[in-house]
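Novice:
2 protein chains.
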Amino acid sequence: MKKPRPKPPKSRTAVAKTPTLADIAAEVGVTKITVSRALNTPDQLSPATLEKVLAAIKRSGYTPNLLAGSLSSNRSKLIVALVPSISGAMFTATMQNVAEHLQQHGYQLLIGQAGYDDAREDALLEAVIGRRPDGIILTGIVHSAQARQKLRAARIPVVETWDLTSRPIDMLVGFSHPAIGKAAAEYLWQRGCRRPAIISPDDRRARLRAAAFTAFYAAKKIPVPAVEAPAPTPMGDGRSGLATLLRDHPRIDSVFCGSDNLALGALVEAKARGISVPKQLKVIGYGDQSYGKDADPPLTSLRIDGAAIGRIAAEMLMARAAGQSPKKKVVDVGFAIVERASA
Amino acid sequence: MKKPRPKPPKSRTAVAKTPTLADIAAEVGVTKITVSRALNTPDQLSPATLEKVLAAIKRSGYTPNLLAGSLSSNRSKLIVALVPSISGAMFTATMQNVAEHLQQHGYQLLIGQAGYDDAREDALLEAVIGRRPDGIILTGIVHSAQARQKLRAARIPVVETWDLTSRPIDMLVGFSHPAIGKAAAEYLWQRGCRRPAIISPDDRRARLRAAAFTAFYAAKKIPVPAVEAPAPTPMGDGRSGLATLLRDHPRIDSVFCGSDNLALGALVEAKARGISVPKQLKVIGYGDQSYGKDADPPLTSLRIDGAAIGRIAAEMLMARAAGQSPKKKVVDVGFAIVERASA
DNA sequence: GGCTTTCATGTTACCGGTAACATTTTCACG
DNA sequence: CGTGAAAATGTTACCGGTAACATGAAAGCC
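In order, the protein sequence lines correspond to chains A and B.
Letter by letter, the first sequence follows residues 1 to 343 in my numbering.
Letter by letter, the second sequence follows residues 1001 to 1343 in my numbering.
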C-alpha cells in the first residue's frame, strides 16, 4: 500500500548555492541538456541558442560540477599519478611530460604523494580508485596483493613505471634496476676498481640496483661495503656516507651512489679530505640530474629517460581512453651510462 | 497528459560493472543506507550487521564511488594544492606538511602543476573548482580577476601562500618578497658591498625580491646589473649568469641570487675563475635548501619556513571544514637570514 | 506539395551515493 | 509487564549532471 506522501523535505542547503545547469537553463528558457550541449558539443546547437546560453553561463560565473558529470558519464577526464615524493627530481621530467600530453587531449593530471612506505600506498590507492579516474600512473610496481586486486577490479587503466616486472597489473613503462646495478659494476670493474663501495637510498628500487652491483663483485669474490640513507637522500647524506665508508674501509677505490645527490655529497667529502677524484676514488651516480655536469669533477652517472617514460605512459592511457589497446603493454626504455670525469 | 511509458532503456554499461552499494546491500539483505553506514558511521550499526556487511564488502572488492558520495553529501574530503612546479624544492616541505596534517583528518591531498605561466592557471583552476574540493591551496596569489571571481563564487575555502597581499581571496599564509629583497640588500650593504648584482628566476615573486633589492641600492644611487633565467632555475643558469655579469660588469663585489640553485652555480663559476668567495665576491641565495650548508663555501641564504606555511594552511582549512572560521585570515610567517661563509 | 532526412531541442531515467525523516526493534525501569 | 527512550534499520528524495531515445521544425528532393 502506498504510504502517505511525506511532506516536502526542506532544502538541504539553506544558504545560496552555486549556480547549476538547471539555473542557467531556466534563465535562458531551455532545458538542462541544451546547456550541457552548449559546453560539451556546441556544434549540435543553433548559433543563436548557443550564444544565448554561453552568455548566461558567463554572466552567472557558472562552473560545471564535474563530480556530477563524471558520475553520469562514467568518464572523469582525470588521470592520477602517484609518486613516492614530489621532491624527487627524478620523476619531475616524467610528470612534466605526462601533464603536457594529457593536456592536449583535454585530460587533467593530479599528483598524489605516496611516500616510500608501502603501507600508506594501499590507503591512498583506495582513495584514488574511489574517485574513478580514467587512468592511474604508478611509480614503481605495486606489491600488495590486495591493492593489485582492487586495481584490477576497478577496471581503470593502470601504467606502472620506473620498474620492470613480467606480470604488470595492466601496462608498464620502465627499465631494469638490476641491469643498472650490473652495468655500473662492470663499468667500474673495467676501469680497474677492485675495492668498490655503495652509498644507497633505502627504497626498494635503489636496493635492487645495489644488490645487483654487489652480486657482480661477489661473483669475483669481492665484498662490497655499503651504507644506506633514508630516501629521499639529501646531499649531506652522501658526505656522511662516504665518511662512514672511509672510516671502516679506508682503502676503497670507488663508490656507486644510488642517487646523484648522494654522489655530489661524496664528491664534496672527497674534496674536503683531499682525496682526488677520479684518481684515488671513482664516483658514479644515478639519475643524471642536470647539476651533475656542473659538479667538480663533472659526475659520471646512469641516465634514465624520464621524459620518455612520461610520454609513453601518457600515450598508452590516451590510446586506452580512445578504446584502442596499445600495441605493447610493456615497454623497457633502458638506460645509458653518461661518462664524465668522476669515474 | 501522460505520455506512454518509454520502453525500459537498456543498461548503459553492457560489460560487468564494479560492485556498488546496492549490490552489497542485496547480497547481505539490507538496504543501501545500512551499507553506507557500515563504512561511514559504523557505530550506528549492531555488531552483527556490521560484521556481515563488512565481510561482504571485503569479499566483493568493493570500492566506494567517491564521486557519488561527494555529489550527494557536498563534501569531497579532497584538498587540491596548485604549485608552479613539482620540481621546485621550495614547496616540497610545504606540501609534505599539508599532506600530513590533512591525513590526520581523513582528507586527501592532490597536487596540480600550474606552471609559472598565468594563462594556464585559469584553465586549471576552472577544472579544479569543478571537482568541488573542500579546499584549495594556491602557491602565490591569484591575479586574474575572473579566476578570483570564480573562486569566490564557488564558496570553496582558499588559502593563498608564499606571498602577501592585503586583499586575499579568502585566507593567506605567506611573507613579503619585497621585504626579503630589502633585507638582502641591507645585509650586503652593511658588509661593504657597493657594486652588487642580481641573478634571478623570471617568475613574479623572484622579480619582487629583485626589484626591492634594486630599489634599496637605487636610493643610494647605485645601479644593480641583473640577469634573469627561466624558472625553475637549474644550477647551470647560475654559472652562466655569473659569467654574463662578470663579462659586462667585471668589478661586481656581490651577487644576490633568486634561488639557492642559482647561488650554487655562481659559487662553482667563481671557483672555476679563481675568484675567492666571500673575499672578492659575496654570494647570497634564497630558500636555504639543505644542500646549501654543504657547498664550498657554505651558502648564506634567506630562509623561509615552508613547513610552517604548510602546517598553518592545513590548519586553516581544517578549521573551516569544522565550521569554524580561523582567528586570523592572514598570517605572515616572515623569514630569516642564515649567515654562513659565502656572504 | 507530400515525404523523407537532417537538425535542434526535449523527455525520461539513471549514475551511486547521502540527508532527513520515519519506522521498527531493543532495552531499561518502575 | 507495559511504557518510553534509545538503538537499529528503512523510505524517499535528491545531489547535478549525461545517455538514450523521442519529437518537432526546417530542409532537400522528385
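Think of the CB as a built atom: it goes at the ideal place given N, C-alpha and C, for glycine as much as any other residue.
Given the structure is predicted, the values throughout are model-derived calculations rather than measurements.
Would you say residue 92(A) faces chain B, with C-beta separation under 8 Å as the test?
Specialist: Counted from its first residue, the first sequence places residue 92(A) at position 92. True, the Cβ-Cβ gap to chain B drops below 8 Å.
Novice: Can you look up residue 135(A) in the DSSP assignment and give me helix, strand or coil?
Specialist: Numbered from its first residue, the first sequence carries residue 135(A) at position 135. Looking at residue 135(A) - three-state DSSP - the assignment turns out to be strand.
Novice: Locate the beta strand (DSSP E) running through residue 1125(B), then write down its first and last residues.
Specialist: Working through the second sequence from its first residue, we reach residue 1125(B) at position 125. Note, residue 1125(B): premise wrong, no beta strand (DSSP E); alpha helix (DSSP H) at 1118-1130.
Novice: Please name the residue, chosen from 248(A), 157(A), 259(A), that lies closest to residue 205(A) on a Cα-to-Cα basis.
Specialist: Sequence index remark: in the first sequence, residue 205(A) carries index 205 (1-based). Comparing Cα positions, the closest option is 259(A).
Novice: Taking Cβ to Cβ, would you say residue 1332(B) is nearer than 8 Å to residue 1176(B)?
Specialist: Within the second sequence, the letter at position 332 stands for residue 1332(B). Within the second sequence, the letter at position 176 stands for residue 1176(B). A contact, by the Cβ cut-off of 8 Å.
Novice: For residue 1118(B) and residue 1144(B), I'd like the C-alpha separation in whole angstroms.
Specialist: Residue mapping note: residue 1118(B) aligns to position 118 of the second sequence, counting from 1. Residue mapping note: residue 1144(B) aligns to position 144 of the second sequence, counting from 1. The alpha-carbon atoms of residue 1118(B) and residue 1144(B) are separated by roughly 8 Å.
Novice: With burial defined as no fewer than 16 other Cβ atoms inside 10 Å of the residue's Cβ, what is the status of residue 74(A): buried or exposed?
Specialist: As a position in the first sequence, residue 74(A) is number 74, starting the count at 1. That one is exposed.
Novice: Just the C-alpha distance for residue 1271(B) and residue 1277(B), rounded to the nearest angstrom, thanks.
Specialist: Position 271 of the second sequence holds residue 1271(B). Position 277 of the second sequence holds residue 1277(B). One C-alpha to the other measures close to 8 Å.
Novice: Return helix, strand or coil for residue 337(A), following the three-state DSSP convention.
Specialist: Counting from 1 along the first sequence, the entry for residue 337(A) is found at position 337. Residue 337(A): strand per DSSP, three-state reduction.
Novice: Helix, strand or coil, according to DSSP, for residue 199(A) in the structure here?
Specialist: Reading the first sequence from its first residue, position 199 is the one you call residue 199(A). In the structure shown, residue 199(A) sits in a strand (DSSP, three-state: E or B).
Novice: Taking beta-carbon pairs under 9 Å, can you tell me which members of the segment 1020-1049 of chain B lie near chain A?
Specialist: none
Novice: Should residue 339(A) be labelled buried (16 or more other beta-carbon atoms within 10 Å of its own) or exposed?
Specialist: For this step, residue 339(A) is matched to residue 339 along the first sequence. Burial call: exposed.
Novice: What separation, rounded to the nearest whole angstrom, lies between the Cα atoms of residue 67(A) and residue 1065(B)?
Specialist: Residue numbering aside, residue 67(A) sits at position 67 when the first sequence is read from its first letter. Residue numbering aside, residue 1065(B) sits at position 65 when the second sequence is read from its first letter. Residue 67(A) and residue 1065(B) have their C-alpha atoms spaced approximately 11 Å apart.
Novice: DSSP on residue 255(A), reduced to helix/strand/coil?
Specialist: Within the first sequence, numbered from 1, the residue matching residue 255(A) stands at position 255. It is a strand residue.
Novice: Figure out for me which residue from 286(A), 59(A), 183(A) has the closest Cα to the Cα of residue 212(A).
Specialist: By one-based count along the first sequence, residue 212(A) stands at place 212. With distances taken between Cα atoms, residue 212(A) lies closest to 183(A).
Novice: Tell me whether residue 1049(B) sits in a helix, a strand or coil according to DSSP, three-state version.
Specialist: Counting from 1 along the second sequence, the entry for residue 1049(B) is found at position 49. Helix, per DSSP.
Novice: For residue 1239(B), go through chain A and note every residue whose CB falls closer than 7 Å to its CB, in chain order.
Specialist: Residue 1239(B) sits at position 239 when you count from the first residue of the second sequence. Result: 294.
Novice: For residue 1208(B), which residues of its own chain have a beta-carbon under 6 Å away from its beta-carbon, when the five flanking residues on both sides are left out?
Specialist: The residue labelled residue 1208(B) in the question sits at position 208 within the second sequence. Excluding residues within five positions, the ones whose Cβ falls inside 6 Å are 1177, 1178.
Novice: Whole alpha helix (DSSP H) runs in the segment 229-302 of chain A with 4 or more residues, listed along the chain?
Specialist: Correct list: 235-248, 260-272.
Novice: In angstroms, rounded to a whole number, what distance separates the CA positions of residue 32(A) and residue 38(A)?
Specialist: The residue you call residue 32(A) lines up with position 32 of the first sequence. The residue you call residue 38(A) lines up with position 38 of the first sequence. Roughly 10 Å between the two C-alpha positions.
Novice: Scan the segment 1145-1226 of chain B and note each continuous alpha helix (DSSP H) run of 4 residues or more that stays entirely inside, going in chain order.
Specialist: 1145-1154, 1177-1190, 1204-1218
Novice: What is the rounded straight-line gap between the Cα of residue 233(A) and the Cα of residue 88(A)?
Specialist: Position 233 of the first sequence, counted from the first residue, corresponds to residue 233(A). Position 88 of the first sequence, counted from the first residue, corresponds to residue 88(A). Their Cα atoms are separated by approximately 9 Å.
Novice: Give the residues of chain A in contact with residue 1064(B), contact being defined as C-beta atoms less than 7 Å apart.
Specialist: Residue mapping note: residue 1064(B) aligns to position 64 of the second sequence, counting from 1. Result: 130.
Novice: Can a CB atom of chain A be found closer than 8 Å to the CB of residue 1299(B)?
Specialist: Mapped onto the second sequence, residue 1299(B) falls at position 299. Closer than 8 Å: no.
Novice: Determine which residues of the segment 229-260 of chain A have a Cβ less than 8 Å from any Cβ of chain B, and write them out in chain order.
Specialist: 234, 235, 236, 239
Novice: Confirm, please, whether the CB-CB distance from residue 1150(B) to residue 1188(B) is below 8 Å.
Specialist: Start at 1 with the first residue of the second sequence, and residue 1188(B) comes out as number 188. Start at 1 with the first residue of the second sequence, and residue 1150(B) comes out as number 150. No, the Cβ-Cβ distance between residue 1188(B) and residue 1150(B) is not below 8 Å.
Novice: Out of 40(A), 109(A), 168(A), state which residue places its alpha-carbon closest to the alpha-carbon of residue 328(A).
Specialist: If you number the first sequence from 1, residue 328(A) lands on position 328. Of the listed residues, the one whose Cα sits closest to residue 328(A) is 168(A).
Novice: Flag residue 1322(B) as yes if its beta-carbon sits less than 8 Å from any beta-carbon of chain A, otherwise no.
Specialist: The residue you call residue 1322(B) lines up with position 322 of the second sequence. Look at residue 1322(B): its C-beta is not under 8 Å from any C-beta on chain A.
Novice: Who are the near neighbours of residue 1136(B) in its chain, counting only those whose CB is closer than 6 Å to its CB and skipping five residues on each side?
Specialist: Residue numbering aside, residue 1136(B) sits at position 136 when the second sequence is read from its first letter. Answer for residue 1136(B): 1080, 1156, 1158, listed in chain order.
Novice: Output the boundary residues of the alpha helix (DSSP H) element that contains residue 1022(B).
Specialist: On the second sequence, position 22 is the one that residue 1022(B) refers to. Start and end: 1021-1028.
Novice: Buried or exposed: which applies to residue 1041(B), given that a residue is buried once 16 or more other Cβ atoms fall within 10 Å of its Cβ?
Specialist: Position 41 of the second sequence, counted from the first residue, corresponds to residue 1041(B). Result: exposed.
Novice: Closest to residue 1302(B) by CA distance: which of 1229(B), 1308(B), 1336(B) is it?
Specialist: Along the second sequence, read from residue 1 onward, the residue named residue 1302(B) stands at position 302. The shortest C-alpha separation from residue 1302(B) is found at 1336(B).
Novice: State yes or no: is the beta carbon of residue 1116(B) nearer than 8 Å to at least one beta carbon in chain A?
Specialist: On the second sequence, position 116 is the one that residue 1116(B) refers to. Cβ-Cβ to chain A under 8 Å: no for residue 1116(B).
Novice: Using beta carbons (cut-off 8 Å, strictly below), is residue 1187(B) in contact with chain A?
Specialist: Numbered from its first residue, the second sequence carries residue 1187(B) at position 187. Output row for residue 1187(B): interface = no.
Novice: What residues from chain B crowd round residue 149(A), counting only those whose CB sits closer than 8 Å?
Specialist: In the first sequence, residue 149(A) corresponds to position 149, counting from 1. Ordered by position in chain B, the residues that pass the 8 Å Cβ test against residue 149(A) are 1061.
Novice: By DSSP's criteria, residue 394(A) is part of a beta bridge. Which residues make up the other side?
Specialist: With chain A represented from 1 up to 343, any question about residue 394(A) goes unanswered, as that position is not in the structure.
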